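Peer 1: Pasting a structure here, questions to come.
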Amino acid sequence: MNNQFQHICEQGFEQLSVSMLITDLNGKITYVNSVFQELTGTSINEVLGSHTNDHFNCPITLEEPWEGECQLRHKNHGISTQWVVITPIYDDEGMFLETAIFICPNPGDIDTLTKLPNRRSFEQQLQQALSDSKLQDQVFAVLFLDLDRFKFVNDTLGHSSGDSLLLQVTERIKRSIRSQDIIARTGGDEFVCLLRNINSEKDAENIAKQIITSFNHPFHLKETEIHITTSIGISLYPFDGDDLETLISNADSAMYRAKRKGKNQIEKAEVEINAGAFERLLIENNLRMALSREEFYLVYQPQLDLNSNQVNTFEALIRWNHPDLGIIPPSEFIPIAEETGLITPIGDWVIQTACEKIKEWEQAGYPAIKVAVNLSAQQFLQKGMVDKLTDTLIRTNVDPSLLELEITENMVMHDVESAVSTLHTLRELGVRISIDDFGTGYSSLNYLRNFPVDHLKIDRSFINDIETDPSSKALTNAIATLAHDLDLKVIVEGVETLNQLNLLRESSCDMVQGYYFSKPLTSDLVTSFMNYVNQEETYSFT
Ligand code: C2E
Ligand code: MG
Ligand code: MG
Numbered sequence: 053m054n055n056q057f058q059h060i061c062e063q064g065f066e067q068l069s070v071s072m073l074i075t076d077l078n079g080k081i082t083y084v085n086s087v088f089q090e091l092t093g094t095s096i097n098e099v100l101g102s103h104t105n106d107h108f109n110c111p112i113t114l115e116e117p118w119e120g121e122c123q124l125r126h127k128n129h130g131i132s133t134q135w136v137v138i139t140p141i142y143d144d145e146g147m148f149l150e151t152a153i154f155i156c157p158n159p160g161d162i163d164t165l166t167k168l169p170n171r172r173s174f175e176q177q178l179q180q181a182l183s184d185s186k187l188q189d190q191v192f193a194v195l196f197l198d199l200d201r202f203k204f205v206n207d208t209l210g211h212s213s214g215d216s217l218l219l220q221v222t223e224r225i226k227r228s229i230r231s232q233d234i235i236a237r238t239g240g241d242e243f244v245c246l247l248r249n250i251n252s253e254k255d256a257e258n259i260a261k262q263i264i265t266s267f268n269h270p271f272h273l274k275e276t277e278i279h280i281t282t283s284i285g286i287s288l289y290p291f292d293g294d295d296l297e298t299l300i301s302n303a304d305s306a307m308y309r310a311k312r313k314g315k316n317q318i319e320k321a322e323v324e325i326n327a328g329a330f331e332r333l334l335i336e337n338n339l340r341m342a343l344s345r346e347e348f349y350l351v352y353q354p355q356l357d358l359n360s361n362q363v364n365t366f367e368a369l370i371r372w373n374h375p376d377l378g379i380i381p382p383s384e385f386i387p388i389a390e391e392t393g394l395i396t397p398i399g400d401w402v403i404q405t406a407c408e409k410i411k412e413w414e415q416a417g418y419p420a421i422k423v424a425v426n427l428s429a430q431q432f433l434q435k436g437m438v439d440k441l442t443d444t445l446i447r448t449n450v451d452p453s454l455l456e457l458e459i460t461e462n463m464v465m466h467d468v469e470s471a472v473s474t475l476h477t478l479r480e481l482g483v484r485i486s487i488d489d490f491g492t493g494y495s496s497l498n499y500l501r502n503f504p505v506d507h508l509k510i511d512r513s514f515i516n517d518i519e520t521d522p523s524s525k526a527l528t529n530a531i532a533t534l535a536h537d538l539d540l541k542v543i544v545e546g547v548e549t550l551n552q553l554n555l556l557r558e559s560s561c562d563m564v565q566g567y568y569f570s571k572p573l574t575s576d577l578v579t580s581f582m583n584y585v586n587q588e589e590t591y592s593f594t
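Here it is in structure tokens:
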């Protein structure tokens, strides 16, 4: 190679993230890049002029292209297994000149979508970190990440959007961690990070916080923008385990705890109670029996109409009373019911029970009470849903206009056309439709224009800081105004204080629901509630 050209090439080789050597015809090393020196702990002078056999424990045939696993000797007498690619270089006449040797990640260790290390490779690196750290008394952390609601994006927007989201997520995580940290993809929407050379738990937490923050702005998928979050569990060597399985499983359990606490947060391993996976299995097994054992019941939360100061709608919310585990909130078992498909029979039971209650209250002589029922995506998207609903309404002899169905925007985004047609059929049947948790998903009023719906329920997160954050108030008002243009009534969820209620009275919102006014009530309390307000002649609250 001419000298100047060689110099340019070597500058390029220095930019590579893989190790590279060049040998002459006899296997003597004539060039080495700094990645190789770092990897083996050798200096340039120790390598230049040495023979490939001094470094590799496998016969390397310099004149033939080859790739495969080789044992590489390190300066500290250690040996590692590496993926080696041999590329002989010939001149224009076909004369063999020299050989380039690359040490690359094993293709079997790479996740094909994100090009990150996969589980196998991560476990190797973790094993390496364990043996190094044991010798050198070092602390390191494992972060276990799982995207919140990823399955939903994949199911509703399709796999290509799911893939695109995973790539964007990979970039954001990479930008949040330090250059020496390792990130791997270990499953569909599961990532793990290995953070070496940290001084304390705080260091690991700070990096996890960076990752959470990096999800703050929306991701762009085709023509939609979506907000997605991640839950993170942290385990620390040596405190939360001193072997691979324990460290990973403790970080996994911590991640699962973060999910149950409401997602989008960080939890640290709790070694004493590594119960996450166990609890989950327990719930899953018990959930299968809960229906036949009649362990579910509904509670009903009233909605106050701000114009008339009356209550005529209650939202039905499911509860699970397990004989040993106590009362389990829906946030803990609905996701498991969705994953296991049990949501369909459970959802059917909810509709059936709500209709029976409507009838019961009607027959007891109370003025028409509407009940709103939450539908899960699978329920809404299942074939024959409308027929089943019609059947239930006929069997229970309930006026369809007394039943409201709460769906979320996400459910309609997958196949807008077929969703709109389902919604029209439901409308013709006479049931009302609400969009629940508005502001947490696509939040596209533009799309709503096409949906035949009646109510928009603004998510609790808006009201949370309405007293302190002027933009929340402005946003709530803006949503209400736009919704009114679309002929939708606006319900604000999660009103907890008088101050919030008063602020909302100044806005153009139509109804409120929340602890300030009433917590969800058992059906007995609903009748007491109605008896009480009946004495006042109307369901009136001022
Ligand atoms: P959601 O439909 O948005 O229901 C409102 C949730 O907010 C309820 O939680 C309610 O108890 C709670 N809440 C109401 N007012 C306040 C307040 O002032 N402050 C606070 N902090 N919270 C308030 P819950 O009952 O735990 O239900 C959680 C979610 O579980 C529901 O959110 C709904 O998405 C789902 N869910 C509940 N019942 C069913 C059901 O029968 N089927 C399906 N598929 N999902 C259900
Ligand atoms: Mg709801
Ligand atoms: Mg809601």
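Just so you know, my numbering puts 382 at position 330 of the sequence shown, and the rest follows in order with no gaps. Even glycine gets a Cβ: it sits at the ideal position worked out from N, Cα and C. Predicted model only: the values in this text are computed from it and were never measured.
Suppose you measure from the CA of E545 to the CA of E275; what does that come to, to the nearest Å?
Peer 2: Straight-line Cα distance between these residues: approximately 29 angstroms.
Peer 1: Thinking C-alpha only, which one of T474, E347 and C110 is nearest T21?
Peer 2: Not covered by the structure: residue 21. The range shown for the chain is 53 to 594.
Peer 1: Going by the C-beta, is Q565 closer than 7 angstroms to any heavy atom of ligand 1?
Peer 2: It does: the Cβ of Q565 is within 7 angstroms (strictly closer) of some heavy atom of ligand 1.
Peer 1: Is the closest heavy atom of ligand 2 to the C-beta of I277 under 7 angstroms?
Peer 2: Looking at the sequence itself, residue 277 is Glu, so the reference to Ile does not match. No; taking the cut-off as 7 angstroms, the Cβ of E277 has no heavy atom of ligand 2 nearer than that.
Peer 1: Can you tell me which of the three DSSP states A321 falls into?
Peer 2: A321 falls in the coil class under three-state DSSP.
Peer 1: For A181, which three-state DSSP category applies?
Peer 2: In the structure shown, A181 sits in a helix (DSSP, three-state: H, G or I).
Peer 1: Residues in its own chain within less than 8 angstroms of R312 by CB, not counting five upstream and five downstream?
Peer 2: If we look at R312 and ignore the five residues flanking it on each side, its Cβ neighbours are S383 and E384.
Peer 1: State the DSSP-derived secondary structure class of N55, mapped to helix, strand or coil.
Peer 2: Reduced to three states, the DSSP call for N55 is helix.
Peer 1: What number of angstroms, rounded off, separates the C-alpha of F569 from the C-alpha of T365?
Peer 2: Distance between the alpha carbons of F569 and T365 is about 13 angstroms.
Peer 1: What do you reckon, is the C-beta of D488 under 7 angstroms from a heavy atom of ligand 2?
Peer 2: Yes, Cβ of D488 sits closer than 7 angstroms to a heavy atom of ligand 2.
Peer 1: Contact defined as beta carbons within less than 8 angstroms: I believe V464 pairs with F503. What is the distance between those atoms, to the nearest angstrom?
Peer 2: Contact holds; Cβ gap of about 6 angstroms.
Peer 1: Measure the alpha-carbon distance for L209 versus S231 and round it to whole angstroms.
Peer 2: Looking at the two C-alpha atoms, the distance is approximately 33 angstroms.
Peer 1: Can you tell me the Cα-Cα spacing of E91 and Q176, whole angstroms?
Peer 2: With the sequence shown as reference, residue 91 is identified as Leu, and Glu is not the correct amino acid for it. Each residue's alpha carbon lies about 15 angstroms from the other.
Peer 1: Buried or exposed: which applies to L550, given that a residue is buried once 16 or more other Cβ atoms fall within 10 Å of its Cβ?
Peer 2: Label assigned to L550: exposed.
Peer 1: To the nearest angstrom, how far is it from the Cα of L457 to the Cα of Q404?
Peer 2: If I take the Cα positions, the gap works out to 13 angstroms.
Peer 1: Between I510 and S69, what straight-line distance do the alpha-carbon atoms span, to the nearest angstrom?
Peer 2: Using only the alpha carbons, I get a separation of about 49 angstroms.
Peer 1: For T139, which residues does DSSP report across the bridge?
Peer 2: In the DSSP output, where bridge partners are listed per residue, T139 has A152.
Peer 1: Alpha carbon to alpha carbon, how far is A181 from F192? Give it in angstroms, no decimals.
Peer 2: Approximately 8 angstroms between the Cα atoms of the pair.
Peer 1: Sorry if obvious, but does the Cβ on N462 come closer than 7 angstroms to a heavy atom of ligand 2?
Peer 2: Every heavy atom of ligand 2 is 7 angstroms or more from the Cβ of N462, so no.
Peer 1: What three-state label does DSSP hand F65 in the structure shown?
Peer 2: Helix.
Peer 1: Can we count E390 as close to ligand 2, meaning its CB is less than 7 angstroms from some heavy atom?
Peer 2: No; taking the cut-off as 7 angstroms, the Cβ of E390 has no heavy atom of ligand 2 nearer than that.
Peer 1: Taking the Cβ atom as the reference point for each residue, do I138 and I153 lie within a distance shorter than 8 angstroms?
Peer 2: Cβ atoms of I138 and I153: closer than 8 angstroms.
Peer 1: Considering only C-alpha positions, which residue in the set H103, S266, T298 and G482 is nearest to T75?
Peer 2: When only C-alpha atoms are compared, the closest one is H103.
Peer 1: By the DSSP assignment, the beta strand (DSSP E) with T276 in it spans what residues?
Peer 2: Unbroken beta strand (DSSP E) run through T276: T276 to I278.
Peer 1: Distance, Cα to Cα, M582 vs E548?
Peer 2: Cα-Cα distance, rounded: 22 angstroms.
Peer 1: Mapping the DSSP letters down to three states, classify A193 as helix, strand or coil.
Peer 2: A193 falls in the strand class under three-state DSSP.
Peer 1: Thinking C-alpha only, which one of N55, S86, Q56 and K80 is nearest Q67?
Peer 2: That would be S86, whose Cα lies nearest to the Cα of Q67.
Peer 1: Would you say I380 touches ligand 1, meaning its beta carbon is less than 7 angstroms from a heavy atom?
Peer 2: No, the beta carbon of I380 sits no closer than 7 angstroms to any heavy atom of ligand 1.
Peer 1: Any chance you could list the beta strand (DSSP E) runs of at least 3 consecutive residues sitting entirely within the region 456 to 538, in chain order?
Peer 2: You should have 484 to 490 and 507 to 510.
Peer 1: Take the Cβ of Q63 as the centre, count every other Cβ of all protein chains shown within 10 Å, and call the residue buried at 16 or more, exposed below.
Peer 2: Classification of Q63: exposed, given that the 10 Å Cβ count is below 16.
Peer 1: So, at 7 angstroms on beta carbons, what are the nonlocal neighbours of D143 in its own chain, with the 5 sequence-adjacent residues on each side left out?
Peer 2: Only L149 meet the Cβ criterion.
Peer 1: Measure how close the beta-carbons of I487 and V505 come, nearest whole angstrom, since I'm counting them as under 8 angstroms.
Peer 2: Indeed, because the Cβ distance is near 6 angstroms, the residues count as touching under 8 angstroms.
Peer 1: Please report the distance separating the alpha-carbon of Q434 from that of I263.
Peer 2: C-alpha separation (whole angstroms): 36 angstroms.
Peer 1: Going along the chain, which unbroken runs of the beta strand (DSSP E) with 3 or more residues stay wholly within the region 360 to 421?
Peer 2: The region 360 to 421 contains these whole beta strand (DSSP E) runs: 362 to 374 and 378 to 380.
Peer 1: So does Q353 have its beta carbon nearer than 7 angstroms to some heavy atom of ligand 1?
Peer 2: Yes, Cβ of Q353 sits closer than 7 angstroms to a heavy atom of ligand 1.
Peer 1: Could you check if P387 belongs to the surroundings of ligand 1, using beta carbon to heavy atom distance under 7 angstroms?
Peer 2: Because no heavy atom of ligand 1 lies under 7 angstroms away, the Cβ of P387 does not count as near it: no.
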